[in-house]
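Engineer: Using this note's numbering, you'd call the opening residue of the sequence shown number 2 and step up by one each time. The C-beta atom is built at its ideal place from N, Cα and C for all residues, glycine as well. Pasting a structure here, questions to come.
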Amino acid sequence: MKETIDIILNECLTELDNNPTQDEIQSVKVKFLGKNGRLTALLKGLKDLSPQEKPLVGQLVNLARERIEAKIAAVEEAVKQQKLKEKIESEYIDITADFTHGKRGALHPLSMVNKQLMEIFSDMGFVVKEGPEVETDYYNFQALNTPLDHPARDMQDTFYITESILLRTHTSPNQVRVMEQSRPPIKMICPGKCYRVDDDATHSPIFNQIEGLVVDKNVTLCDLKGTIEAFSKKFFSDSTKVRLRPSFFPFTEPSVEVDLTCSNCGGKGCRLCKGTGWLEVLGAGMVNPFVLDNCGIDSQIYSGFAFGFGIDRMTMIKYGISDIRLMYQNDIRFLQQIVG
Ligand code: DAH
Numbered sequence: 002m003k004e005t006i007d008i009i010l011n012e013c014l015t016e017l018d019n020n021p022t023q024d025e026i027q028s029v030k031v032k033f034l035g036k037n038g039r040l041t042a043l044l045k046g047l048k049d050l051s052p053q054e055k056p057l058v059g060q061l062v063n064l065a066r067e068r069i070e071a072k073i074a075a076v077e078e079a080v081k082q083q084k085l086k087e088k089i090e091s092e093y094i095d096i097t098a099d100f101t102h103g104k105r106g107a108l109h110p111l112s113m114v115n116k117q118l119m120e121i122f123s124d125m126g127f128v129v130k131e132g133p134e135v136e137t138d139y140y141n142f143q144a145l146n147t148p149l150d151h152p153a154r155d156m157q158d159t160f161y162i163t164e165s166i167l168l169r170t171h172t173s174p175n176q177v178r179v180m181e182q183s184r185p186p187i188k189m190i191c192p193g194k195c196y197r198v199d200d201d202a203t204h205s206p207i208f209n210q211i212e213g214l215v216v217d218k219n220v221t222l223c224d225l226k227g228t229i230e231a232f233s234k235k236f237f238s239d240s241t242k243v244r245l246r247p248s249f250f251p252f253t254e255p256s257v258e259v260d261l262t263c264s265n266c267g268g269k270g271c272r273l274c275k276g277t278g279w280l281e282v283l284g285a286g287m288v289n290p291f292v293l294d295n296c297g298i299d300s301q302i303y304s305g306f307a308f309g310f311g312i313d314r315m316t317m318i319k320y321g322i323s324d325i326r327l328m329y330q331n332d333i334r335f336l337q338q339i340v341g
C-alpha cells in the first residue's frame with residue numbers, strides 16, 4: 002500500500018514540476034484530490050482495511066495529501082508571481098527616459114494676433130461680429146456714403162465679381178450690417194479678410210482688417226481716442242501714446258488718422274518709424290450722420306465712432322516684419338521665428 006501511495010505521490014509531484022499553468026494545476030487538483038481523485042479513492046478504501054492497517058495507511062495518505070497541497074500552494078504562488086512580473090514589465094514606463102516632443106503645430110502669426118486683439122476688445126465690452134467676404138456694392142460703398150461716381154472709390158481698387166457684387170475691400174460694410182440689425186447702444190468689433198488689387202511689400206491682395214463701431218448717446222471723439230489708447234497700451238505697451246491727425250473717409254465726419262508712438266524705439270525715431278517716432282496704424286472718425294440715418298438710427302439723438310485697421314500691419318509692427326507677403330507664403334522657417 003505504501004508503494005501505491007508513493008507512486009501516486011510521485012506522479013502528482015512530477016506533474017506539478019513542469020511549470021504548470023493555472024488550468025493544469027486545477028486539473029491536477031481534481032485528478033488527485035478531487036471527489037473522485039486518486040488519493041481520495043485510497044481514503045475511501047480505508048474502510049475495507051483491517052483495524053491495524055487503517056491508522057497506518059490513513060496517516061500515509063494524509064501525509065501524501067499534505068505534501069501535494071504544499072506543492073500546489075507553492076506552484077500557484079509561482080504562477081501568480083510570474084503573472085505579476087509580466088504585467089509590470091508590459092506596463093513599464095521609464096519616467097527618466099529622454100523624451101523629446103515631436104514638433105507641435107502653432108497658430109499662424111495672424112491668427113495669434115487676431116486672437117489677442119479679440120481678447121483685448123472683448124475685455125473692453127466689444128461684441129465680436131462677422132460678415133460676408135463677398136459683398137454687395139451697396140454695403141461696401143453706397144451705404145457708407147460712397148456713391149458710384151464718388152472719387153473716394155479710387156482709394157480702393159476693387160475685385161468685382163459682377164457690377165454690383167464684389168470682394169469686400171474693407172470690413173466697414175459690417176458697420177452698416179450691424180446698425181441695420183441692432184439698436185444703440187452698439188459696441189462691436191469685426192475681424193475679417195479683405196481684398197484689393199494691390200501687391201507690394203506693404204500691400205497684399207488679401208489682407209485682414211478689424212472694424213470697430215460704438216454708437217450711443219453722447220459718444221465723442223474723446224471716447225474714440227480713449228478707446229484706442231486703452232487698446233494700444235494693452236497690445237503694445239503701457240507707455241504707448243496716441244495722436245490724431247485730420248483725414249478723410251466718406252463714412253466718418255470728422256475723420257482722423259491715428260498714430261501710435263513707435264513700438265520699436267518708443268518715440269525716439271528709428272528705421273521702423275522712419276525717424277518720426279510715430280507709426281500710422283488706423284483710420285477712424287465719428288460715424289457720418291448720413292450713415293447713421295441711412296441705417297435707421299436717428300443722428301439727432303445718437304452719435305458714434307468707428308475705426309478700422311489692418312491686422313497684418315499690427316502683426317508686422319509687433320514682430321518687426323518688413324514684408325507683408327511673408328505672412329501669406331507659409332514658409333515654415335519664417336513662421337517658426339514668430340511663433341516659436
Ligand atoms: N475702411 C477704411 C479703410 O479700409 C478704414 C477705416 C477708416 C475704417 C475710418 C473706419 C473708419 O471704420 O472710421 O481704409
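Would you say the beta carbon of Ser-205 is closer than 7 Å to some non-hydrogen atom of the ligand DAH?
Structural biologist: One-based indexing of the sequence shown puts residue 205 at position 204. Result no, Cβ not under 7 Å from the ligand DAH.
Engineer: Please confirm if Phe-33 has its CB atom under 8 Å from at least one CB of chain B.
Structural biologist: Of the chains in the structure shown, none is chain B; there is only one protein chain.
Engineer: Tell whether a beta-carbon distance below 8 Å holds between Glu-245 and Phe-306.
Structural biologist: On the sequence shown, position 244 is the one that residue 245 refers to. On the sequence shown, position 305 is the one that residue 306 refers to. In the sequence on display, residue 245 carries Leu and not Glu. Result no, Cβ atoms of Leu-245 and Phe-306 do not sit closer than 8 Å.
Engineer: Count the other CB atoms within 10 Å of the CB of Cys-223; is the residue buried (16 or more) or exposed (fewer)?
Structural biologist: As a working note, residue 223 is residue 222 in the sequence shown. Counting Cβ neighbours within 10 Å, Cys-223 comes out exposed, since fewer than 16 surround it.
Engineer: Which whole-angstrom value describes the C-beta separation of Val-135 and Ile-162, a residue pair presumed to lie in contact below a C-beta threshold of 8 Å?
Structural biologist: In the sequence shown, the residue the question calls residue 135 occupies position 134. In the sequence shown, the residue the question calls residue 162 occupies position 161. Indeed, because the Cβ distance is near 7 Å, the residues count as touching under 8 Å.
Engineer: Pick out whichever of Ile-94, Phe-208, Gly-193 and Lys-32 has its Cα sitting closest to the Cα of Asp-199.
Structural biologist: The residue labelled residue 199 in the question sits at position 198 within the sequence shown. Of the candidates Ile-94, Phe-208, Gly-193 and Lys-32, the one whose C-alpha sits nearest the C-alpha of Asp-199 is Phe-208.
Engineer: If we ignore side chains and look at the alpha-carbon of each, how far apart do Leu-44 and Leu-61 end up?
Structural biologist: What you label residue 44 is simply residue 43 of the sequence shown in a count that begins at 1. What you label residue 61 is simply residue 60 of the sequence shown in a count that begins at 1. So the two alpha carbons sit approximately 10 Å from each other.
Engineer: Run the proximity test for Phe-127: is its beta-carbon closer than 7 Å to any non-hydrogen atom belonging to the ligand MN?
Structural biologist: You won't find the ligand MN in this model; what it holds is the ligand DAH.
Engineer: Taking contact to mean 3 or more Cβ pairs, one atom from each stretch, closer than 8 Å, check whether the segment 286-303 and the segment 259-276 are in contact.
Structural biologist: Counting Cβ pairs under 8 Å, fewer than three are found: no touch.
Engineer: Tell me the DSSP secondary structure of Glu-90 in three-state form.
Structural biologist: Along the sequence shown, one-based indexing puts residue 90 at 89. Helix at Glu-90.
Engineer: So is the beta-carbon of Gln-143 under 7 Å away from any non-hydrogen atom of the ligand DAH?
Structural biologist: Taking the first residue of the sequence shown as 1, we reach residue 143 at position 142. Result no, Cβ not under 7 Å from the ligand DAH.
Engineer: Rounding to the nearest angstrom, what Cα-Cα distance links Ile-325 and Gly-213 in this structure?
Structural biologist: Your numbering for residue 325 matches position 324 in the sequence shown. Your numbering for residue 213 matches position 212 in the sequence shown. Straight-line Cα distance between these residues: approximately 23 Å.
Engineer: Compute the minimum distance between the beta carbon of Thr-253 and the heavy atoms of the ligand DAH, and state whether it is under 7 Å.
Structural biologist: In the sequence shown, counting from the first residue as 1, residue 253 sits at position 252. Yes, the ligand DAH has a heavy atom inside 7 Å of this Cβ.
Engineer: Under 7 Å from any heavy atom of the ligand DAH, does the C-beta of Ser-173 make it?
Structural biologist: For the purposes of this step, residue 173 is taken as residue 172 along the sequence shown, with counting starting at 1. Yes.
Engineer: Which of the three DSSP states, helix, strand or coil, is assigned to Lys-36?
Structural biologist: Sequence index remark: in the sequence shown, residue 36 carries index 35 (1-based). In the structure shown, Lys-36 sits in coil (DSSP, three-state: anything other than H, G, I, E or B).
Engineer: Going by beta carbon distance, what residues of the same chain come within less than 7 Å of Thr-203, once the five residues before and after it are set aside?
Structural biologist: Here residue 203 refers to the residue found at position 202 of the sequence shown. Cβ within range, chain order: Ile-325.
Engineer: Name the residue from Asn-219, Phe-249, Gly-268 and Pro-251 whose alpha carbon lies nearest to the alpha carbon of Ser-240.
Structural biologist: Against the sequence shown, residue 240 aligns to sequence position 239. Cα-wise, what sits closest to Ser-240 is Gly-268.
Engineer: Here's the rule: buried if 16 or more other CB atoms are within 10 angstroms of the residue's CB, otherwise exposed. What is Tyr-303?
Structural biologist: Position 302 of the sequence shown, counted from the start, is the residue given in the question as residue 303. That one is buried.
Engineer: Just grab the DSSP bridge partners of Lys-217 for me.
Structural biologist: Taking the sequence shown and counting its residues from 1, the one referred to as residue 217 is at position 216. Correcting the residue identity first, residue 217 is Asp in this sequence and not Lys. Ser-304.
Engineer: Apply the 10 Å Cβ neighbour rule to Gln-301 and answer buried if 16 or more other Cβ atoms are within range, or exposed otherwise.
Structural biologist: Looking up residue 301 in the sequence shown gives position 300. It is exposed - the Cβ of Gln-301 has fewer than 16 other Cβ atoms within 10 Å.
Engineer: Rounded to a whole number of angstroms, what is the C-alpha to C-alpha distance between Ile-298 and Leu-145?
Structural biologist: One-based indexing of the sequence shown puts residue 298 at position 297. One-based indexing of the sequence shown puts residue 145 at position 144. Each residue's alpha carbon lies about 14 Å from the other.
Engineer: Please report the straight-line C-alpha distance between Pro-110 and Pro-174, rounded to a whole angstrom.
Structural biologist: Numbered from 1 along the sequence shown, position 109 holds the residue referred to as residue 110. Numbered from 1 along the sequence shown, position 173 holds the residue referred to as residue 174. If I take the Cα positions, the gap works out to 25 Å.
Engineer: What is the residue span of the beta strand (DSSP E) that Tyr-196 lies within?
Structural biologist: As a working mapping, residue 196 is identified with position 195 in the sequence shown. It spans 187-196 - the beta strand (DSSP E) in which Tyr-196 sits, taken as one unbroken run.
Engineer: How is Ala-71 classed by DSSP in three states: helix, strand or coil?
Structural biologist: Counted from its first residue, the sequence shown places residue 71 at position 70. Three-state DSSP puts Ala-71 in a helix.
Engineer: What is the residue span of the beta strand (DSSP E) that Ile-166 lies within?
Structural biologist: As a first step, residue 166 is located in the sequence shown; it is residue number 165 there, counting from the start. That run of the beta strand (DSSP E) goes 166-168.
Engineer: Taking C-beta to C-beta, are Glu-258 and Gly-227 nearer than 8 Å?
Structural biologist: By 1-based counting over the sequence shown, the position of residue 258 is 257. By 1-based counting over the sequence shown, the position of residue 227 is 226. No, they are not a contact pair.
Engineer: Buried or exposed: where does Asp-138 fall if 16 or more other Cβ atoms within 10 Å of its Cβ makes it buried?
Structural biologist: Position 137 of the sequence shown holds residue 138. Answer is buried; the Cβ neighbour count reaches 16.
Engineer: Which residues mark the beginning and the end of the alpha helix (DSSP H) in which Met-180 is found?
Structural biologist: Working through the sequence shown from its first residue, we reach residue 180 at position 179. From DSSP, the alpha helix (DSSP H) with Met-180 extends over 174-182.
Engineer: Would you kindly work out how many angstroms separate the C-alpha atoms of Gly-35 and Gln-27, rounded to a whole number?
Structural biologist: Working through the sequence shown from its first residue, we reach residue 35 at position 34. Working through the sequence shown from its first residue, we reach residue 27 at position 26. Going by the C-alpha atoms only, they are around 10 Å apart.
Engineer: Under 8 Å between the Cβ atoms of Val-114 and Ile-312?
Structural biologist: In the sequence shown, counting from the first residue as 1, residue 114 sits at position 113. In the sequence shown, counting from the first residue as 1, residue 312 sits at position 311. Result yes, Cβ atoms of Val-114 and Ile-312 sit closer than 8 Å.
Engineer: Quick check on the DSSP output: the alpha helix (DSSP H) that includes Glu-136 runs from which residue to which?
Structural biologist: One-based indexing of the sequence shown puts residue 136 at position 135. Premise fails: Glu-136 lies in the beta strand (DSSP E), 135-137, not in any alpha helix (DSSP H).
Engineer: Compare the C-alpha of Glu-70 against each of Lys-55, Leu-57, Lys-30 and Pro-56 and name the closest.
Structural biologist: If you number the sequence shown from 1, residue 70 lands on position 69. Among Lys-55, Leu-57, Lys-30 and Pro-56, the Cα nearest to that of Glu-70 is on Lys-30.
Engineer: Just to check, is the beta-carbon of Ala-202 closer than 7 Å to a non-hydrogen atom of the ligand DAH?
Structural biologist: On the sequence shown, residue 202 is found 201 positions in, with the first residue counted as 1. No, Cβ of Ala-202 sits at least 7 Å from all heavy atoms of the ligand DAH.
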